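Student: Here the sequence shown stands for residues 115 to 543, where the numbers follow our numbering. Ideal Cβ placement from N, Cα and C applies to all residues, glycine included. None of the values given here were measured: they were computed from a predicted structure.
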Amino acid sequence: MPHDHTPQVIPGSSWNSGRRWQRKATRIGLLSCLAGALAACDAALDRSLVTRSDSAGIPIITAQAPVWGPGEGWQVSEEPLVRIGAVEGPREQLLDGVVGAVRLSNRDIVLGERTTGELRRYDPEGTLVWRAAGQGEGPGEHRVLMFVGLIPGDTVVTWDVRLNRVQLFDPEGTPVRPFRVEAPWSGAPPTGVIGMSGRRPVLTFNAGGGEPEDGIVRWPTVRIATLSLEDGSVRVVMDVPGPEVRASVDGAMAQVMEYPFGKGPRYSVAGGRLAVVDTERFAVRSVSLDDGAVTAILQRDEPMRQVTEEDVDAYVEWMTDVSAGAGLHVPPGLAEQPMASTLPALKSIHLDAGGNLWVEPHSRHGSALPPFQVYTPGGEWLGTVAVPSGLQQENVGLPVSFEIGDDYILGVWRDEIGVEYVRMYRLMK
115 MPHDHTPQVI PGSSWNSGRR WQRKATRIGL LSCLAGALAA CDAALDRSLV TRSDSAGIPI
175 ITAQAPVWGP GEGWQVSEEP LVRIGAVEGP REQLLDGVVG AVRLSNRDIV LGERTTGELR
235 RYDPEGTLVW RAAGQGEGPG EHRVLMFVGL IPGDTVVTWD VRLNRVQLFD PEGTPVRPFR
295 VEAPWSGAPP TGVIGMSGRR PVLTFNAGGG EPEDGIVRWP TVRIATLSLE DGSVRVVMDV
355 PGPEVRASVD GAMAQVMEYP FGKGPRYSVA GGRLAVVDTE RFAVRSVSLD DGAVTAILQR
415 DEPMRQVTEE DVDAYVEWMT DVSAGAGLHV PPGLAEQPMA STLPALKSIH LDAGGNLWVE
475 PHSRHGSALP PFQVYTPGGE WLGTVAVPSG LQQENVGLPV SFEIGDDYIL GVWRDEIGVE
535 YVRMYRLMK
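#1: Go through the segment 291-337 residue by residue and report every complete run of the beta strand (DSSP E) that reaches 3 residues or more, in order.
#2: Three or more beta-carbon pairs under 8 angstroms between the segment 445-462 and the segment 365-381, yes or no?
#3: My guess is that Val398 and Leu471 are in contact by the Cβ rule of under 8 angstroms, so how many angstroms apart are they, rounded?
#4: Can you tell me the Cα-Cα spacing of Gln189 and Val421, whole angstroms?
#5: With DSSP as the reference, label Ala428 as helix, strand or coil.
#6: Buried or exposed: Pro266, going by 16 or more other Cβ atoms within 10 Å of its Cβ?
#7: Considering just the uninterrupted stretch of the beta strand (DSSP E) at Pro491, what are its terminal residues?
#8: Return helix, strand or coil for Glu255, following the three-state DSSP convention.
#9: With burial defined as no fewer than 16 other Cβ atoms inside 10 Å of the residue's Cβ, what is the status of Leu524: buried or exposed?
#10: Per DSSP, which residues does Glu358 bridge with? Please list them.
#11: Kindly indicate which three-state DSSP category Leu233 falls into: helix, strand or coil?
#12: Under three-state DSSP, which class holds Thr434?
#13: Got a sec, what are the start and stop residues for the beta strand (DSSP E) Ser462 sits in?
#14: Look at the alpha carbon of Phe396 and the alpha carbon of Phe319, and state the distance between them as a whole number of angstroms.
#15: Roughly how many whole angstroms lie between the Cα atoms of Ser146 and Pro194?
#16: Assuming Arg419 and Leu457 are in contact, meaning their beta carbons sit under 8 angstroms apart, how far apart are those beta carbons, in whole angstroms?
#17: Give the secondary structure of Val281 by DSSP, where H, G and I count as helix, E and B as strand, and everything else as coil.
#18: I need the straight-line Cα distance from Val280 to Val290, nearest angstrom please.
#19: Taking buried to mean at least 16 other C-beta atoms within 10 Å of its own C-beta, is Thr434 buried or exposed?
#20: On the CB-based measure, 16 or more other CB atoms within 10 Å of its CB, does Arg332 come out buried or exposed?
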């Protein structure tokens, strides 16, 4: 309700008291005008930081500039709250090939290790509570563990890429139920789990599309779908173009090779929402996991950067190191193979517990992780957040997930001599 600042006539008041009322009213009026002017400035500032448009009923948000100024914004603590791992010591503290970690409701941490197929639970002090699972094909075992997630009730969800199997474990590490994932369409095996939405794992499939054509192609098509943990049914969300690859076709034979700096899809899942982007440009789509509808697009108008000689040298050095670590041979002439002429628009995307989007800018292979760009669910670009060096998002080319909560970041870090640690840092807002 608007306030009436007109001076009132008070019985028995003097002329001077009336003047004081007038001066008070004048000050209030000036403050009201100033508040209105500031609101107008804020609105103008908002318009300068973000522009909004519409395409076929889909909101398009273009982020122009960050909200945070110098010295403002969120920070990540320098020292971890929890640290699991060691250079040497008891087996439960030695980590190798961790694919991800999740935090339970009581702040305990469960991690999954690809090399052993194990799940391990630790308390907030980093002390082992239990070990479960292991290598094998029986109930509660894994051939190639590639994902660890969590559903309400602290039930742990795992994905075995070799067995095409999702398994559920209770908070004590006891296997509850396995699901062998079978697509209701032919020729489309599952390729991975990209996240959890409530009680639904979100998976990617090879959607086929026939043999690739000769040259640089987007292949194969990627199908994104959800898995019901009630009956094991699979429901399609959407199809997206696959990664850029170099195909060599000779009659009935087709060879598919990596295309360095090629473009492709990136994904993240949280709270019933799928974020998907093709790295050929910065345009992140928000997609409903219920019906596959695109609900908004967040974009930035930035020119693509050219691949430089320094980029190629860094790629060759990184590829050589990764291959040596995996015991693989690097063919000669790696720097002379066909490569994309421009860099991807970004490297990865991540949704946090509050629905904020964390974007990892593209950086040279082997370089330190740059600060993440953070965007609100409404598309406002808040600014950047730096994380402690050593955060791992892949290991020998395989994905390693990390978790961003309301007040923490949990993931896998590697030190300067290559030792793995699971760490949780405080996120200060």
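Tutor: With the given structure in hand:
#1: 304-311, 314-320, 329-332
#2: yes
#3: Position 284 of the sequence shown holds residue 398. Position 357 of the sequence shown holds residue 471. Right, the Cβ-Cβ distance comes to about 7 angstroms (below 8 angstroms), so this counts as a contact.
#4: The sequence position of residue 189 within the sequence shown is 75, counting from 1. The sequence position of residue 421 within the sequence shown is 307, counting from 1. Approximately 32 angstroms, taken between the alpha carbons.
#5: Along the sequence shown, one-based indexing puts residue 428 at 314. Residue state, collapsed to three classes: helix.
#6: Within the sequence shown, the letter at position 152 stands for residue 266. That one is exposed.
#7: By one-based count along the sequence shown, residue 491 stands at place 377. Run containing Pro491: none; DSSP gives neither H nor E here.
#8: For the purposes of this step, residue 255 is identified with residue 141 of the sequence shown, where counting begins at 1. Note: Glu255 maps to coil in three-state DSSP.
#9: Locating residue 524 in the sequence shown gives position 410, where the first residue counts as 1. Result: buried.
#10: Here residue 358 refers to the residue found at position 244 when the sequence shown is read from its first residue. Here Glu358 is bridged, per DSSP, to Arg332.
#11: Translated into the one-based positions of the sequence shown, residue 233 becomes position 119. If DSSP states are grouped into helix, strand and coil, Leu233 belongs with the strands.
#12: By one-based count along the sequence shown, residue 434 stands at place 320. In the structure shown, Thr434 sits in a helix (DSSP, three-state: H, G or I).
#13: In the sequence shown, counting from the first residue as 1, residue 462 sits at position 348. Element bounds for Ser462: 462-465.
#14: Locating residue 396 in the sequence shown gives position 282, where the first residue counts as 1. Locating residue 319 in the sequence shown gives position 205, where the first residue counts as 1. Distance between the alpha carbons of Phe396 and Phe319: 24 angstroms.
#15: For the purposes of this step, residue 146 is taken as residue 32 along the sequence shown, with counting starting at 1. For the purposes of this step, residue 194 is taken as residue 80 along the sequence shown, with counting starting at 1. For Ser146, the predicted model reports a pLDDT of 42, less than 50, meaning its position is unreliable; a value from the coordinates is still stated below. About 47 angstroms.
#16: On the sequence shown, position 305 is the one that residue 419 refers to. On the sequence shown, position 343 is the one that residue 457 refers to. Contact holds; Cβ gap of about 5 angstroms.
#17: By one-based count along the sequence shown, residue 281 stands at place 167. Here the sequence assigns Gln to residue 281, which means Val is not the residue at that position. In this structure, DSSP gives Gln281 an extended state, which the three-state scheme calls strand.
#18: In the sequence shown, the residue the question calls residue 280 occupies position 166. In the sequence shown, the residue the question calls residue 290 occupies position 176. About 11 angstroms.
#19: Against the sequence shown, residue 434 aligns to sequence position 320. The residue in question, Thr434, is exposed, as its Cβ has fewer than 16 Cβ neighbours within 10 Å.
#20: Your numbering for residue 332 matches position 218 in the sequence shown. Under this definition Arg332 is a buried residue.
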